[in-house]
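Structure, as structure tokens:
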Amino acid sequence: MAILDGGPIYTSTGEVLQIQYAQKRADTGNTCIALKSKHGLVMLKEKPIDNNLFITESDNKILKITDEIYQMASGIETDLKYVNSQLKRELIKWKHTNEESISPEILRKYLSYNVYQHTSYFNYRVFGVNIISCIKFENEFKILTTTCDGHSLFHKASAIGKGSRLAKTEIEKLELDDMNVHDLVENGIRILYKSFDSVKDKPFDIEIGVFTPENNFIRLKKEDYKELVDKYKDFSVDGEE
2 MAILDGGPIY TSTGEVLQIQ YAQKRADTGN TCIALKSKHG LVMLKEKPID NNLFITESDN
62 KILKITDEIY QMASGIETDL KYVNSQLKRE LIKWKHTNEE SISPEILRKY LSYNVYQHTS
122 YFNYRVFGVN IISCIKFENE FKILTTTCDG HSLFHKASAI GKGSRLAKTE IEKLELDDMN
182 VHDLVENGIR ILYKSFDSVK DKPFDIEIGV FTPENNFIRL KKEDYKELVD KYKDFSVDGE
242 E
């Protein structure tokens, strides 16, 4: 494992082990799902209940950059706090300097560079997170997915974390374009529970954020979607109660 201590050095097979190990950590993190239609965008974040005394609502996992841009991550979630803080500082400076709104492409440029830097320099640790960034720009909604190596792509919908394989299979079955926001929320909750393995995974709460044409980001309260949670919480990975 000495090569891990040496920094971003290529192996004989042309791979960077730091990135490989970071990606494994990100892929086993808590599941995140983002869905969008022409009527809105929904972000859903799985929040395992580690202690019944802890108030999960007090620890928001969907983080703000600006009123129009929010992020969530799977993996070492404290890494996202660093990325988010750095990105917020740089993008707000860019906005004030250029006197323009932050476009999806500007977001991708700065985010990719910040993550990529940590794969390229000695004494830097590769971030152990995959990141979903959601942006409302000129009344359109964009979902940007970034992996540990800084690679960033826009998607119609995205899922990251340990349940992402099953979640993506379910998402591909959906006709998202014409769904209203309530249907996006319901399908997101259903898919989160369907990709949950009760044998291996801890029970969880869900954090949900919504963008609509009328509003920027709104963080939903638990009572807003309690009925949907009760409807789907007993689903198994096979989609059966």
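Going left to right, the sequence shown walks through residues 2 to 242 as our numbering numbers them. Think of the CB as a built atom: it goes at the ideal place given N, C-alpha and C, for glycine as much as any other residue.
CB-CB under 7 Å to I66, same chain, minus the five flanking residues each way: which ones, in chain order?
Q72, N85, L88, K89, L92
Exercise. Are the C-beta atoms of S121 and some chain B residue less than 8 Å apart?
Worked result: This model lacks chain B altogether, as it is built from one protein chain only.
Quiz prompt | Reference T120, options E100, L145, H152, closest by Cα | solution = H152
Review point. Under a three-way DSSP split, which group does R126 fall into?
Key: coil
Consult DSSP for A3 and reduce its assignment to one of helix, strand or coil.
Unreliable positioning characterises A3 in this predicted model, as indicated by a pLDDT of 48, which lies under 50. The coordinate reading is nonetheless provided below. Helix at A3.
*What separation, rounded to the nearest whole angstrom, lies between the Cα atoms of N61 and E208?*
8 Å
Check: Cα separation between F155 and I144?
Finding: 6 Å
- prompt: Which of the three DSSP states, helix, strand or coil, is assigned to L159?
  reply: The question names Leu, yet the displayed sequence has Ser at residue 159. S159: strand per DSSP, three-state reduction.
Notebook entry, point to check: Straight-line CA distance for I126 to Q19?
Noted result: For clarity, residue 126 is Arg in the given sequence; the question names Ile instead. Each residue's alpha carbon lies about 8 Å from the other.
Under DSSP, the alpha helix (DSSP H) around S13 begins and ends at which residues? Premise fails: S13 is in no alpha helix (DSSP H) and is neither H nor E.
C-alpha gap between K46 and T213, whole angstroms: 18 Å
- Residues near A168 in its chain [Cβ-Cβ closer than 7 Å; skip 5 each side]: T32, I34, A160, I192, S196
Checklist entry - Could you give the distance in angstroms between the alpha-carbon of F138 and the alpha-carbon of P204? => result 35 Å
In terms of residues, what are the limits of the alpha helix (DSSP H) holding G189? 182-195
Item to complete: State yes or no: is the C-beta of D261 within less than 8 Å of the C-beta of I50?
Response: With the chain running from 2 to 242 in the structure shown, residue 261 is simply not present.
- prompt: Which residues mark the beginning and the end of the alpha helix (DSSP H) in which L167 is found?
  reply: 165-172
With DSSP as the reference, identify every bridge partner of V43, one or two as the case may be. L36, V211
For this session: Please classify D68: does DSSP put it in a helix, a strand, or coil?
Result: coil
Inset, instruction - Identify whether I133 lies in helix, strand or coil by the three-state DSSP scheme. - result: strand
Notebook entry, point to check: Under the three-state reduction of DSSP, which class applies to K203: helix, strand or coil?
Noted result: coil
Item to check | Extent of the continuous beta strand (DSSP E) to which I107 belongs | outcome: Run containing I107: none in the beta strand (DSSP E); it sits in the alpha helix (DSSP H), 105-118.
### Task
Report all residues from its chain with a CB closer than 7 Å to the CB of G76; omit the five preceding and five following residues, and keep chain order.
R26, A27, G30, G129, V130, N131
request  = Would you list the residues sitting across from G151 in a DSSP beta bridge?
outcome  = For G151, which the question treats as bridged, DSSP gives no partner whatsoever.
query = For N188, is the classification buried or exposed, using 16 other Cβ atoms within 10 angstroms of its Cβ as the cut-off for buried?
reply = buried
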